[in-house]
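These notes are about the structure you will find just below.
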Amino acid sequence: MLQSFTDYLRASLTTLRGEHSAVAQELALAQSYLELLQARMEDRLRFSITADDAARAQPLPPLLLQPLVENAVVHGLEPSIDGGSVRVSARVEGAHLVLDVQDDGRGPDAPARRSGSGTGTGKPGAGMALDNIRQRLLARYGPAATLDIRAMHPGTLARITLPLQDTTP
Amino acid sequence: MTTALIADDEPHLARALAAELAAMWPDLQLLPMARNGVEAAERIAALRPDIAFLDIQMPGLTGLEVAQGIEGTTRVVFVTAYDDYAVQAFEQEALDYVLKPVKSERLQRTVDRVQRALSQPASDDGALLAALRRLAPVGTAASPGAGLERLRWVRASSSELTHQVAVDEVLFFRADDKYTCVQTAEAEHLIRTPIAELAAQLDASQFVQVHRSTIINLAHLAGTRRDEASRLFLRVKGFETELPVSRAYVHLFKAM
Chain A
1 MLQSFTDYLR ASLTTLRGEH SAVAQELALA QSYLELLQAR MEDRLRFSIT
51 ADDAARAQPL PPLLLQPLVE NAVVHGLEPS IDGGSVRVSA RVEGAHLVLD
101 VQDDGRGPDA PARRSGSGTG TGKPGAGMAL DNIRQRLLAR YGPAATLDIR
151 AMHPGTLARI TLPLQDTTP
Chain B
1 MTTALIADDE PHLARALAAE LAAMWPDLQL LPMARNGVEA AERIAALRPD
51 IAFLDIQMPG LTGLEVAQGI EGTTRVVFVT AYDDYAVQAF EQEALDYVLK
101 PVKSERLQRT VDRVQRALSQ PASDDGALLA ALRRLAPVGT AASPGAGLER
151 LRWVRASSSE LTHQVAVDEV LFFRADDKYT CVQTAEAEHL IRTPIAELAA
201 QLDASQFVQV HRSTIINLAH LAGTRRDEAS RLFLRVKGFE TELPVSRAYV
251 HLFKAM
């Protein structure tokens, strides 16, 4: 558990320092985060991370993908008794880079996670992450980049679509 | 032998707590751990442990909801990573409230406190018993020997008329502001007896409290419905609107 935690810290520090990160780095960060959560949730959390080589080589602003992975676990799987799985994938489709984070948990339409008190609104910052991602996409790519949240029955698919960058030196 | 249940959705933490408890209290018999609130409620109902160590944030039911639904004499220690539930924990008359990660010295104090509470004769344990009575199912407040007769009729008045209603014909009782609504297939009457008082007087094998404000007559129960958010509703014969079951009472209808 400590090993996954230090891996996660190291990975996130490295990417935070840079203005640019790559898909491969962001996936490594997601991997260590999910391993860490798996140590806590054990068999209630299963995950897979897949990416083609072209997608791995693409640049990606740091910490765009990470909040989506956190959402999938915190809002999708943690409140569910049986837990479930998170699938993270990155691929090149035509002129686009497509990043998917899909879980089979409670879905985006489920009521906000109960805090147990009935007065609180659960974890702080609900909804902030998605707005933040959308603003960063808009600032950097304009309308060419999108974030889609889709109900999958069960679960949620969060998809980021970015214009493909030229990676040839 | 004293028995204890640990409920936590993080098995890692539950095992650590179990190991610590085993070392501090070798005579304590630990029951199989519960990994969510629903499992915890079921195990407490079935196994009646002396103590339940409940995590608060759990899927299914929160630890607070599990505690609310306890009908036996199981005492509760909340073990949580959050300190913002302390007030509610005390409202639940919890024996203790411990923050994760649990330190050995702190857990030792909890163990001392639990052992002291368990060694006290029940009658000295006024506050807790009072709380348990409040949480007890309908009817048990009038335990054998209390000398209370089972309620068979309720009398409701509207202007000059009074109505005598046999409780067998009542579909359900529901708290309505200062009054209690008595619903039969034909009519709705208002009486002044509060729900809690009715609960103590009604036959527990026939009348069940399903919500803080509602006691239903099992004789007229038609079935249940569960919605997408897995909230449970009861359908009552001869009555159109469904009645919500609060989470604390959901386990009563598990078998249906």
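Chains as they are written, first to last, in the working numbering: chain A, 1 to 169; chain B, 1 to 256. Each residue gets a CB set at the ideal place from its N, CA and C atoms; glycine is no exception.
Original post:
Can you find a CB in chain B that lies within less than 7 Å of the CB of S80(A)?
Top reply: yes
**OP:** Output yes or no for whether 7 Å exceeds the beta carbon distance between L164(A) and A51(A).
**Re:** no
Original post:
Cβ of G122(A) less than 7 Å from any chain B Cβ?
Top reply: Low confidence applies to G122(A): its pLDDT is 43, below 50, so where it sits in the model is not reliable, and the reading given next is rough at best. Chain B contact via Cβ: absent.
Subject >> Straight-line gap, I191(B) to S159(B) (C-alpha atoms, nearest Å) >> reply: Between the alpha carbons of I191(B) and S159(B) lies a gap of roughly 13 Å.
**OP:** Quick one: list the residues of chain A neighbouring G60(B), beta-carbon separation under 7 Å, in chain order.
**Re:** I81
Original post:
Between A22(A), S4(A), H153(A), D148(A), which lies nearest to L68(A) when the distance is taken from Cα to Cα?
Top reply: Checking every option, the nearest Cα to that of L68(A) belongs to D148(A).
**OP:** Might you give, ordered along the chain, the residues of its own chain that have their beta carbon closer than 8 Å to the beta carbon of T180(B), omitting 5 neighbours on each side?
**Re:** F173, R174, L190, I191, R192, T193, P194, I195, L198, listed in sequence order.
**OP:** Note the first and the last residue of the continuous alpha helix (DSSP H) segment covering R140(A).
**Re:** 128 to 141
**OP:** Check distances from the C-beta atoms of the stretch 27 to 48 of chain B to those of chain A and list, in chain order, the residues that come in under 7 Å.
**Re:** N36, V38
**OP:** Determine which residues of the stretch 30 to 44 of chain A have a Cβ less than 8 Å from any Cβ of chain B, and write them out in chain order.
**Re:** A39, R40, M41, E42, R44
**OP:** Classify E78(A) as helix, strand or coil using the three-state DSSP reduction.
**Re:** coil
Original post:
So, does the CB of P101(B) fall closer than 7 Å to a CB anywhere in chain A?
Top reply: no
Subject >> Whole-angstrom distance between H251(B) and R150(B), CA atom to CA atom >> reply: 25 Å
**OP:** Pick out whichever of V98(B), P59(B), S213(B), H12(B) has its Cα sitting closest to the Cα of D277(B).
**Re:** Limits of chain B in this structure are 1 at one end and 256 at the other, which puts residue 277(B) out of reach.
Original post:
Going by other Cβ atoms of all chains shown within 10 Å of its Cβ, with 16 needed for buried, is V79(B) buried or exposed?
Top reply: buried
Subject >> F239(B) versus E188(B), A248(B), A200(B), L202(B), residue with shortest Cα-Cα distance >> reply: E188(B)
Original post:
Between the stretch 2 to 21 of chain B and the stretch 86 to 94 of chain B, do three or more beta carbon pairs fall short of 8 Å?
Top reply: As far as the Cβ criterion goes, the stretch 2 to 21 of chain B does not touch the stretch 86 to 94 of chain B, which means the pair count is below three.
Original post:
Under 8 Å Cβ-Cβ, which residues of chain A neighbour P11(B)?
Top reply: E42
**OP:** Identify each residue in the stretch 224 to 238 of chain B for which the Cβ-Cβ distance to at least one residue of chain A is less than 9 Å, and report them in chain order.
**Re:** E228, A229
**OP:** Apply the 10 Å Cβ neighbour rule to P32(B) and answer buried if 16 or more other Cβ atoms are within range, or exposed otherwise.
**Re:** exposed
Original post:
With respect to the alpha helix (DSSP H) encompassing N71(A), which residues constitute its N-terminal and C-terminal limits?
Top reply: 66 to 71
Subject >> Cβ separation of A151(A) and D109(A), assumed to be a contact under 8 Å, to the nearest whole Å >> reply: 6 Å
Original post:
What's the call for E93(A), buried or exposed, on a 16-neighbour Cβ count within 10 Å?
Top reply: exposed
**OP:** Specify the secondary structure class of A95(A) as computed by DSSP and reduced to three states.
**Re:** coil
Original post:
Which whole runs of the alpha helix (DSSP H) in the stretch 166 to 220 of chain B are 4 residues long or more, in chain order?
Top reply: 195 to 201
**OP:** Can you give me the start and stop residues for the beta strand (DSSP E) that T146(A) sits inside?
**Re:** 146 to 151
Original post:
Apart from the five residues just before and just after R140(A), which ones in its own chain have a Cβ nearer than 7 Å to its Cβ?
Top reply: Closer than 7 Å at the Cβ level, and outside the excluded window around R140(A), lie P61.
Subject >> Supposed close pair V66(B), A86(B) - CB separation, criterion 8 Å >> reply: Rounded, the Cβ-Cβ distance is 17 Å, inconsistent with contact.
Subject >> Euclidean distance between Cα positions of A145(A) and L45(A) >> reply: 30 Å
Original post:
Around the C-beta of R43(B), are 16 or more other C-beta atoms found within 10 angstroms, so that it is buried, or is it exposed?
Top reply: buried
**OP:** Taking only beta-carbon positions, decide if L135(B) is within less than 7 Å of chain A.
**Re:** Its pLDDT being 46, under 50, L135(B) is placed unreliably by the model, and the measurement read from it follows with that caveat. No, L135(B) does not count as interfacial toward chain A.
Subject >> Contact check, R106(A) vs S89(A), beta carbons under 7 Å >> reply: no
Original post:
Between the stretch 147 to 159 of chain A and chain E, which residues of the former have CB atoms less than 9 Å from a CB of the latter, in chain order?
Top reply: Reference to chain E is not applicable here, since the protein chains of this structure are A and B.
Subject >> Chain-ordered chain B contacts of A174(A) [CB-CB under 7 Å] >> reply: Outside the displayed span of chain A (1 to 169) sits residue 174(A), for which this structure offers no information.
Original post:
Taking the alpha-carbon positions, what's the E78(A) to L2(A) distance?
Top reply: 21 Å
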